[in-house]
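S.K.:
Numbering (this note's numbering), first residue to last: 773 to 978.
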């Protein structure tokens with residue numbers, strides 16, 4: 773990795789919550805959604821925010837969901853899902869889901885921090901787990917869930933010119949939706965919001 777990439781990696785590590793400081797509910801966006809999901813019991817979930825060290829810098833790994841899914845069909849997301857009773861914690865859930873969805877074994881993944889929890893309108897409180905992934909990984913996506921696995925440079929998300937905001941109407945009131953467009957990929961919704969959380973934390977690091 774070049775010098776700039778090394779500096780970015782150090783900044784990333786300083787920005788995230790440490791593994792001995794896991795986040796808890798409510799999510800950082802709770803105030804925005806309180807009138808939509810206030811009475812709901814949110815299910816706990818975890819996603820992996822996979823960071824890949826490449827020769828030209830750091831990259832973030834994403835999945836694109838298959839079109840046949842009942843929820844989030846075709847959307848771009850981080851690997852992850854609901855925390856099951858057998859999962860020790862959010863890290864264990866994120867590693868399990870990553871292996872099931874993408875075929876990356878836990879031995880190739882080194883978690884090093886968290887982002888703050890994020891609540892979704894689908895009824896989840898999500899814990900994002902940030903981790904290094906061995907650059908030599910080989911993705912073997914589950915075709916029932918994942919149509920494609922791809923990477924985007926982390927620096928792309930740190931450029932404010934690449935962040936877009938739009939308003940949508942949801943259940944009778946407007947909501948602000950975040951999105952990033954990279955080549956032909958539209959990263960929006962919860963995934964974009966979690967990326968924005970990461971960007972804001974990194975911007976706060978001096």
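We put the beta carbon where it would ideally sit given N, CA and C, even for glycine.
State the start and end residues of the unbroken beta strand (DSSP E) segment that holds residue 815.
M.R.: Unbroken beta strand (DSSP E) run through residue 815: 815-826.
S.K.: Do you know offhand how far residue 860's Cα is from residue 941's?
M.R.: Using only the alpha carbons, I get a separation of about 38 Å.
S.K.: What would DSSP say about residue 796, mapped onto helix, strand or coil?
M.R.: DSSP places residue 796 in coil when its eight states are reduced to three.
S.K.: Mind checking residue 933: buried by the 16 CB within 10 Å criterion, or exposed?
M.R.: By the 10 Å Cβ count, residue 933 comes out exposed.
S.K.: Going by DSSP, what residues sit across from residue 894 in a beta bridge?
M.R.: In the DSSP output, where bridge partners are listed per residue, residue 894 has none listed.
S.K.: Residues in its own chain within less than 8 Å of residue 939 by CB, not counting five upstream and five downstream?
M.R.: So the qualifying residues of the chain are 946, 947, 948 and 949.
S.K.: For residue 961, which of helix, strand or coil comes out of DSSP?
M.R.: The answer is helix: DSSP assigns residue 961 an H, G or I state.
S.K.: Tell me the rounded alpha-carbon separation between residue 937 and residue 869.
M.R.: Distance between the alpha carbons of residue 937 and residue 869: 29 Å.
S.K.: Measure the Cβ-Cβ separation of residue 821 and residue 926 and say whether it is below 8 Å.
M.R.: In this structure, residue 926 does not lie closer than 8 Å to residue 821 by Cβ.
S.K.: From what residue to what residue does the beta strand (DSSP E) around residue 835 run?
M.R.: Counting along the chain, the beta strand (DSSP E) containing residue 835 begins and ends at 829-837.
S.K.: Do residue 890 and residue 800 come within 8 Å of each other at the CB atom, strictly closer than that value?
M.R.: It is a contact, given that the beta carbons lie within the stated cut-off.
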